[in-house]
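If you count by my numbering, then the sequence shown holds residues 13 to 91, one letter each, in order. Right, one structure below, let's go through it.
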Amino acid sequence: MENKSIKTTFSLGKLYCSVFGHRYRVTKKVTSHINEYQCMLCNCEVTTDDKGKLTQLTPQLKDINETLTSFHKKKNHAF
Ligand SMILES: [Zn+2]
């Protein structure tokens, strides 16, 4: 019974997202232009791509962002 209600809430969240759009919050700042976001309703993750648009956060993109983060930090430390 309880399990069923959780599932219903989850799919309602997804339905809400598909109708009204995701409600993202920033989970990680990568650079001044690139952030990682997570939707508060369906928990999907996205990131900013090189064109400034939001795209699904794949493991590959996560790797790239990880590299960018360390690169960004090193660059700032040089000064
Ligand atoms: Zn969502």
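Just so it is clear, CB atoms sit at the ideal spot from N, CA and C, and this is done for glycine as well. Please read all numbers here as calculations on a predicted model, not as lab measurements.
THR43 sits in coil when the DSSP states are folded into three classes, being neither helix nor strand. A straight-line Cα-Cα distance of about 39 Å links HIS84 and LEU24.
The alpha-carbon of ASP75 is positioned some 31 Å away from that of VAL31. Ordered by chain, the residues meeting the criterion of a beta-carbon within less than 7 Å of a non-hydrogen atom of ligand 1 are GLY25, LYS26, CYS29, HIS34, ARG35, CYS51, LEU53, CYS54, CYS56. Taking the CA atoms as reference points, CYS54 sits about 12 Å from ARG37.
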